[in-house]
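Heads up: the sequence lines are chains A and P, in that order.
If you're matching positions, the first sequence starts at 1 in full-length UniProt numbering and goes up one per residue.
If you're matching positions, the second sequence starts at 1 in full-length UniProt numbering and goes up one per residue.
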Amino acid sequence: MKRDRGSGRSERDEQFHDFVADRRGHLLHTARLLTAGDGHLAEDLVQTALTKLYVSWTAYRRAANPDGYVRRVLVNALITERRRAWWRFERPSERLPERAAADTPDGTDPELAQALGALPPRMRAAVVFRFFYELDVAETAEALGCSTGTVKSQTARALDKLRAALERPTAPRSTSAQPTTLHQQELTR
Amino acid sequence: MMDLHSRMERLGGSIDDPSATAIAGDLDRGRRAVRRRRAAQIATGSAFSVAAVATAFALTISGPGNSTPNPGLAGQVPPGVSQSAVTGGVQLVAYTGEKPGRFTIDQVPQGFFVQNQDEYELVLAPERAKSPGPGDDPASELFNPRVYTDKIAVFLEVTDFMVNPTGDEQFTIGDRPAALRTIPAEGDIAGATQIFVAQSEKVSLTVQFAHSTGLTKEQMITVAGGIGVDPTALSDAEEGARTPPTLKTGNN
């Protein structure tokens, strides 16, 4: 792979380096939720999003809502992950990307991972941002690139589906976690 | 009883500081991506212009293909662009080479040829990229068909994934919404111009011109407007935009 000609870092490099050092862990945490606990896909997602972010660093720096900008990039990467190799410059690498040592929470909650994984990506993102990160409707709509009405309906439907999935009896050997009943308060806020 | 919020927090895993290797990898990927998108040497533009005009361009017969060119633009100047404006330092000529697999081309800068075409992209390069001369470095970006330095790159993107699909200027090409985005030079990375031409609600044709090509804005619009997208390519991209991602179970 070709190397950059420049010997030193540009101002953008420095800013990006600081951003990654500060935010990568949080992005990976969010990405794991967006991918229903798939640590490898989450790492791919973060790498893709960070690459996009670097390319458009000036736009990110100028964004009125930088956090919202990052969320949008992450969601877009999620939505287009599957077929991305077809049209994007980024091509699959023969070498596996570097993995953090403990980036896969395998087995922590397979029922929840399965329930989240059964949701369509946008619906999953809606519940992650709205319910877990407690973003308001407008912020979530910005991240998803949809209307506030869609966010409300997607979040409600997602929570209904999660509730239904998690309230099913748990298979005896799958986990020690007890079946969970979601509080109505959680579902309606 | 563990509530959903707590379970999601656990599922998200611990928030650890990234390793230096991970940060360096992110930075390296970003820089490589920028380098693909931008030309390396603005200064070579004028030199290229001279070389392009002086070089004979062998043309072969074009097949009709089954592509869908942008309406009303085959070999024409887009509305609002004067013919005189199209005649800049670099001349546009009709492309009569072999039809690229997934695209059709009406006009190219004189001396440009199809350096690379695959299911991902189409790369048009200047004549001098055909083979290294006595003083050329064969390993330079010019001779790498997957690097866009000094070249014109054509590819499809899903608009959801585009950070700035509306560009800096909006206009229409034929009856299609289009936009132009200027990527300024920064540091040792030269600038480029991207023209987006909507192909559908979700798919955009992106044509990227390295600034070193020396084309005027009007010429770039003419070239972009004359590129047609194969229906199969468009339907594949549409399918990609519709199909939700599936979760991986392995490392690839």
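We put the CB at the ideal spot given by N, CA and C, even for glycine.
Just so it is clear, the structure is predicted and the values come from calculations on it, not from any experiment.
Listed along chain P, no residue sits closer than 7 Å to A:Gln154 by beta-carbon distance, the nearest being about 13 Å off. Between A:Thr51 and chain P, the shortest Cβ-Cβ separation is below 8 Å.
Against chain P, the CB of A:Gln47 has a partner CB under 8 Å away; the residue lies at that interface. Neighbourhood of A:Phe129 in chain P, by CB distance below 7 Å: empty, with the nearest CB roughly 11 Å away. Excluding the 5 residues flanking it on each side, A:Ala141 has same chain C-beta neighbours closer than 8 Å at Ser147, Thr148, Thr150 and Val151, in chain order. Under the 8 Å criterion on CB atoms, P:His5 is classed as interfacial with respect to chain A. When DSSP states are grouped into helix, strand and coil, P:Ala198 belongs to the strand group. Neighbours of P:Leu27 across chain A, judged by C-beta separation under 9 Å: Arg9, Asp13, Phe16, His17, Val20, Leu50 and Tyr54.
Scanning P:Leu234, P:Leu27, P:Thr206 and P:Phe143 for the CA closest to the CA of P:Val223 turns up P:Thr206. In terms of Cβ geometry, A:Leu28 and A:Val46 form a close pair [threshold 8 Å]. When DSSP states are grouped into helix, strand and coil, P:Ile23 belongs to the helix group. At a cut-off of 8 Å between C-beta atoms, P:Leu11 counts as an interface residue with respect to chain A. Think of a sphere of 7 Å around the beta carbon of A:Thr108: the chain P residues whose beta carbon falls inside it are Arg10 and Leu11, in chain order. Between P:Gln110 and P:Gln91, the CB-CB gap stays under 8 Å. Proximity of the stretch 49-66 of chain A to the stretch 28-36 of chain P meets the contact definition, three or more beta-carbon pairs being nearer than 8 Å. Judged by pairs of C-beta atoms under 8 Å, the stretch 14-25 of chain A does not touch the stretch 135-148 of chain P, as fewer than three such pairs exist. Annotation for P:Glu121: the continuous beta strand (DSSP E) segment containing it runs Glu121 to Pro126. Assignment of P:Ser204 by DSSP, reduced to helix, strand and coil, places it in the strand class.
Counted as a single uninterrupted DSSP element, the stretch harbouring A:Leu112 is not any beta strand (DSSP E) but the alpha helix (DSSP H) occupying residues Pro110 to Gly117. Interface residue (Cβ-Cβ distance to chain A less than 8 Å): P:Gly30 is classified as such.
Spanning the alpha carbons of A:Val137 and A:Ser10 requires a straight line of approximately 37 Å. Inter-residue distance for P:Ala22 and A:His17 is about 10 Å (C-alpha atoms, whole angstroms). The three-state reading of DSSP puts P:Thr182 in strand, counting E and B together.
Within chain A, the residues His17, Val20, Ala21 and Arg24 have their CB atoms less than 8 Å from the CB of P:Ile23, given in chain order.
The continuous stretches of beta strand (DSSP E) do not include A:Leu159, which lies in the alpha helix (DSSP H) extending over residues Thr148 to Leu166. Proximity to A:Ala164 across A:Leu135, A:Ala125, A:Ser153 and A:Leu116 peaks at A:Leu116, based on C-alpha coordinates.
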